[in-house]
Amino acid sequence: MNNPQANSPQPVPKLPEHLKKKKRAICLAGGGPAAGLHIGVLKELKEKELEFNKREDVWALSCIGAWVGVIYNQAPKGKEVEETTRFFEEVFRNDPSFKSFPANTVFTPDWAGNAEALWDFLLEPKHYRNAFLPREIMKSFMHTMSALRGASTLRRRRRKYGDEELDEFEFKEFSEGDFNRWTLNDVLAVHPATRFLTALIYKSKIKGLSRLYYSDSTFLNRINFDEVRKREPFIYFNAWNLSRQELVLFANRVRQPTFITKARHKVAGYRLMDLQSLCACSALPFIEQTVTINGEHYCEGALIDTVNFRNLLEDHDLDEIWISRLIDADQVLPPRNLYDSLANLCELFCATVGEDDVALFKYHLLCDEEAKKAWQQIKDDKVKQRWEKIKVVEIPVDCTINFDWSHSNLKHGIRAGEDAAKRAYEEYLRKVDDPGQRIIRPPDPDDEATRQKNRRELARKRLIEAGEVDP
Numbered sequence: 042m043n044n045p046q047a048n049s050p051q052p053v054p055k056l057p058e059h060l061k062k063k064k065r066a067i068c069l070a071g072g073g074p075a076a077g078l079h080i081g082v083l084k085e086l087k088e089k090e091l092e093f094n095k096r097e098d099v100w101a102l103s104c105i106g107a108w109v110g111v112i113y114n115q116a117p118k119g120k121e122v123e124e125t126t127r128f129f130e131e132v133f134r135n136d137p138s139f140k141s142f143p144a145n146t147v148f149t150p151d152w153a154g155n156a157e158a159l160w161d162f163l164l165e166p167k168h169y170r171n172a173f174l175p176r177e178i179m180k181s182f183m184h185t186m187s188a189l190r191g192a193s194t195l196r197r198r199r200r201k202y203g204d205e206e207l208d209e210f211e212f213k214e215f216s217e218g219d220f221n222r223w224t225l226n227d228v229l230a231v232h233p234a235t236r237f238l239t240a241l242i243y244k245s246k247i248k249g250l251s252r253l254y255y256s257d258s259t260f261l262n263r264i265n266f267d268e269v270r271k272r273e274p275f276i277y278f279n280a281w282n283l284s285r286q287e288l289v290l291f292a293n294r295v296r297q298p299t300f301i302t303k304a305r306h307k308v309a310g311y312r313l314m315d316l317q318s319l320c321a322c323s324a325l326p327f328i329e330q331t332v333t334i335n336g337e338h339y340c341e342g343a344l345i346d347t348v349n350f351r352n353l354l355e356d357h358d359l360d361e362i363w364i365s366r367l368i369d370a371d372q373v374l375p376p377r378n379l380y381d382s383l384a385n386l387c388e389l390f391c392a393t394v395g396e397d398d399v400a401l402f403k404y405h406l407l408c409d410e411e412a413k414k415a416w417q418q419i420k421d422d423k424v425k426q427r428w429e430k431i432k433v434v435e436i437p438v439d440c441t442i443n444f445d446w447s448h449s450n451l452k453h454g455i456r457a458g459e460d461a462a463k464r465a466y467e468e469y470l471r472k473v474d475d476p477g478q479r480i481i482r483p484p485d486p487d488d489e490a491t492r493q494k495n496r497r498e499l500a501r502k503r504l505i506e507a508g509e510v511d512p
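Quick note on numbering: the sequence shown equals residues 42 to 512 in this note's numbering.
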């Protein structure tokens, strides 16, 4: 008789004792509605007793990854996953509500700020000066008359209809594109009311579709930064200072960079994190208003550097760096509506920037001679050995995650993150003791041809949902 357990998969062992002492960093990148992947990754690794909670460990975060990392580290011991999931369930919207109101619960309209911007615009005399432009109106009128005369020019043709030949007259073609351009430039652009209202929308002091930071927000003030600052690992995220044109790193402990090599952008040390800086690190331009800190404007730092890999290497003595990206270009599908189009605008660049930053990071780790020379100038032999010993573990991205702020997408992301972390962990156990394996990434379960087929099928399904192709 066959043993039913003979063919069952062997359980994956928990982290061996000799690996628990490794000094690790976890990098949680940005990707908005795909945040569930991070939660699933942390959940699976925690179950395998691979945690990032020692004094030597580091959390390198950006955008939504910063929110996941901060909420996870403020939670009571043993309840990190549950508390983080519960927090994001309040950020995401339940499915029936999301279907007709596709927005999360925290990117709110800034009613008072918008009203103030409106009032300032209306009271400023200079905004009325160019609303009425008689010369432009006359030019538009003459252009319209000329276009109408050209469009009404008759064109004569002789065509045979049966046994008879008849003259046929037709107007010069005026295409849809011609009509739309005419309405834009010769109707809307010269109409005083339209000109004024357009300027009101685009030229008033409204800096984003939504606002996230409110100092007196009951929801946001549930984040306990005092608790995060007490935690053993070093936790940091980045934001871009638009006023000074420099990256600023905010951490649970103040410190200065240990070693500074030649970098493209100036990094202004590690400042103490708070609610303002957390909102600043996810302030994607146009989507969310910039955040003002001490009179200076900040936006999302991942636009410049995904999670500051260079500082991760230079400022910390690490054995391993685990990377959890959320977005891949394969996830970006043909849009069905304006919501999808706006999501594509944000996520496509996020996917490619994150992927490029990881690729460059691996290149610097393995090949960058300039960085190696910087290390050689350090007399401490232990510090010199950092470059050669670090291993990078990449957690694969699940391409079935979409950009919906819905509970079903959050749950799907958590399950997908668990599966991705499990595959990465299994590959890690197989290769961690091989000194020649500096980059560890689980093989893709499908070959390239299958992946391309799946991508085309997902794109076709999206087009069917949009009604643009037949089933």
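C-beta atoms are modelled at their ideal positions from N, C-alpha and C, and glycine is treated no differently.
Environment of P476 [buried if 16+ CB atoms lie within 10 Å]: The count along the sequence shown starts at 1 and reaches residue 476 at position 435. So P476 ends up on the exposed side.
L78 beta carbon less than 9 Å from that of L374: By one-based count along the sequence shown, residue 374 stands at place 333. By one-based count along the sequence shown, residue 78 stands at place 37. Contact: no.
Sufficient close CB pairs (3 or more, under 8 Å) joining the stretch 100–107 to the stretch 312–328: A contact between stretches requires three or more CB pairs, one per stretch, nearer than 8 Å, and the stretch 100–107 meets this requirement with the stretch 312–328.
Cβ neighbour criterion (16 or more within 10 Å) applied to E509: Stepping through the sequence shown from its first residue, residue 509 is reached at position 468. Result: exposed.
Where V295 falls: helix, strand or coil (DSSP): For the purposes of this step, residue 295 is taken as the residue at position 254 of the sequence shown. DSSP places V295 in coil when its eight states are reduced to three.
Identified DSSP bridge partners for R134: As a first step, residue 134 must be located in the sequence shown, where it is residue number 93. In DSSP, R134 forms a bridge with S447.
Three-state class that DSSP yields for I328 in the structure shown: Numbered from its first residue, the sequence shown carries residue 328 at position 287. In this structure, I328 counts as strand in the three-state DSSP scheme.
C-alpha distance - K87 paired with V111, whole-angstrom precision: Taking the sequence shown and counting its residues from 1, one reaches residue 87 at position 46. Taking the sequence shown and counting its residues from 1, one reaches residue 111 at position 70. So the two alpha carbons sit approximately 16 Å from each other.
Sequence-distant residues of its chain with Cβ nearer than 6 Å to R96 (five each side left out): As a position in the sequence shown, residue 96 is number 55, starting the count at 1. Within the same chain, R96 has close Cβ partners E273.
Start and end residues, beta strand (DSSP E) containing I364: For the purposes of this step, residue 364 is taken as residue 323 along the sequence shown, with counting starting at 1. Segment 361–365, the beta strand (DSSP E) holding I364.
Inter-residue spacing [alpha-carbon to alpha-carbon] between N239 and N221: Residue mapping note: residue 239 aligns to position 198 of the sequence shown, counting from 1. Residue mapping note: residue 221 aligns to position 180 of the sequence shown, counting from 1. Reading off the sequence shown, one finds Thr at residue 239, where the question assumed Asn. In a straight line, the C-alpha of T239 is about 17 Å away from that of N221.
I362 beta carbon less than 9 Å from that of C68: Indexing the sequence shown from 1 puts residue 68 at position 27. Indexing the sequence shown from 1 puts residue 362 at position 321. In this structure, I362 lies closer than 9 Å to C68 by Cβ.
Collapsed DSSP secondary structure at E157 in the structure displayed: For the purposes of this step, residue 157 is identified with residue 116 of the sequence shown, where counting begins at 1. Residue state, collapsed to three classes: helix.
Within 9 Å, strictly: CB atoms of A462 and V394: For the purposes of this step, residue 462 is taken as residue 421 along the sequence shown, with counting starting at 1. For the purposes of this step, residue 394 is taken as residue 353 along the sequence shown, with counting starting at 1. In this structure, the beta-carbon distance from A462 to V394 does not fall below 9 Å.
Neighbourhood of P117 by C-beta, 8 Å cutoff - its chain only, sequence neighbours within 5 removed: Walking along the sequence shown from the start, residue 117 turns up at place 76. Once the five neighbours on either side are set aside, the close Cβ partners of P117 are E124.
Close beta carbons around E85, own chain, < 6 Å, minus the five adjacent residues each side: As a working note, residue 85 is residue 44 in the sequence shown. Short of 6 Å from the beta carbon of E85, and not among the five residues preceding or following it, lie these beta carbons of its own chain, in chain order: E459, A462, K463.
Residue(s) in a DSSP beta bridge with G342: Counting from 1 along the sequence shown, the entry for residue 342 is found at position 301. In DSSP, G342 forms no bridge with anything.
Residue of D369, N94, N378, R492 minimising C-alpha distance to E506: Start at 1 with the first residue of the sequence shown, and residue 506 comes out as number 465. With distances taken between Cα atoms, E506 lies closest to N378.
Residue environment, Y254, which counts as buried when at least 16 other CB atoms sit within 10 Å: To locate residue 254, count along the sequence shown from 1; it is residue 213. With 16 or more other Cβ atoms inside 10 Å of its own Cβ, Y254 counts as buried.
Residue nearest to V147 in terms of C-alpha spacing, selected from S141, G154, F129: Against the sequence shown, residue 147 aligns to sequence position 106. Among S141, G154, F129, the Cα nearest to that of V147 belongs to F129.
Assumed close pair F275, V99 - CB separation to whole angstroms, cut-off 8 Å: As a first step, residue 275 is located in the sequence shown; it is residue number 234 there, counting from the start. As a first step, residue 99 is located in the sequence shown; it is residue number 58 there, counting from the start. Distance from F275 to V99 at the Cβ level is roughly 5 Å; contact confirmed, criterion being Cβ atoms closer than 8 Å.
Assigned secondary structure, N335 (DSSP; H/G/I helix, E/B strand, else coil): Mapped onto the sequence shown, residue 335 falls at position 294. Per DSSP, reduced to three states, the secondary structure at N335 is coil, with no helix or strand assignment.
Which listed residue (E341, A230, F266, D445) has its alpha carbon closest to that of L383: Indexing the sequence shown from 1 puts residue 383 at position 342. Selected option, being the one with the closest Cα: D445.
Own chain residues within Cβ distance below 7 Å of K55, not counting five before or after: In the sequence shown, residue 55 corresponds to position 14, counting from 1. If the five residues before and after K55 are omitted, its C-beta is found closer than 7 Å to the C-beta atoms of K89, E90, all from its own chain and listed in chain order.
Limits of the beta strand (DSSP E) - the one that A280 falls within: Stepping through the sequence shown from its first residue, residue 280 is reached at position 239. Counting along the chain, the beta strand (DSSP E) containing A280 begins and ends at 275–282.
Straight-line Cα distance separating N293 from N155: Along the sequence shown, one-based indexing puts residue 155 at 114. Along the sequence shown, one-based indexing puts residue 293 at 252. So the alpha carbons of these two residues sit roughly 34 Å apart.
Within 9 Å, strictly: CB atoms of C387 and I328: Your numbering for residue 387 matches position 346 in the sequence shown. Your numbering for residue 328 matches position 287 in the sequence shown. Their beta carbons are under 9 Å apart, which means C387 touches I328 by this criterion.
Where the alpha helix (DSSP H) through L102 begins and ends: Indexing the sequence shown from 1 puts residue 102 at position 61. Note, L102: premise wrong, no alpha helix (DSSP H); beta strand (DSSP E) at 99–102.
Chain-order list of residues whose beta-carbon lies under 6 Å from that of L290 (same chain, five-residue window excluded): Stepping through the sequence shown from its first residue, residue 290 is reached at position 249. So the list reads Y277, N279, Y311, once near-sequence residues are dropped.
N- and C-terminal bounds of the beta strand (DSSP E) containing K63: Here residue 63 corresponds to residue number 22 of the sequence shown, with the count starting at 1. Counting along the chain, K63 falls outside any beta strand (DSSP E), and DSSP gives it neither H nor E.
Per-residue DSSP class, three states only, for R252: Position 211 of the sequence shown, counting from 1, holds the residue named residue 252. R252 falls in the strand class under three-state DSSP.
Burial state of V53, where buried means 16 or more other Cβ atoms lie within 10 Å: Here residue 53 refers to the residue found at position 12 when the sequence shown is read from its first residue. Of the other Cβ atoms in all chains shown, fewer than 16 fall within 10 Å of the Cβ of V53; this residue is therefore exposed.
Same chain, Cβ closer than 6 Å to K303, five either side skipped, listed in chain order: If you number the sequence shown from 1, residue 303 lands on position 262. With a pLDDT of 45 at K303, under the threshold of 50, the modelled position of that residue is not reliable, and no figure is offered here.
Distance, L164 Cα to R492 Cα: Within the sequence shown, residue 492 is the residue found at index 451, counting from 1. Within the sequence shown, residue 164 is the residue found at index 123, counting from 1. Cα to Cα, R492 sits roughly 58 Å from L164.
Within-9 Å CB hit, L261 to chain B: The structure shown contains no chain B; it is built from a single protein chain.
Cβ separation of I455 and S365, assumed to be a contact under 8 Å, to the nearest whole Å: Position 414 of the sequence shown holds residue 455. Position 324 of the sequence shown holds residue 365. Their Cβ separation, rounded to whole angstroms, is 13 Å, which puts I455 and S365 out of contact at 8 Å.
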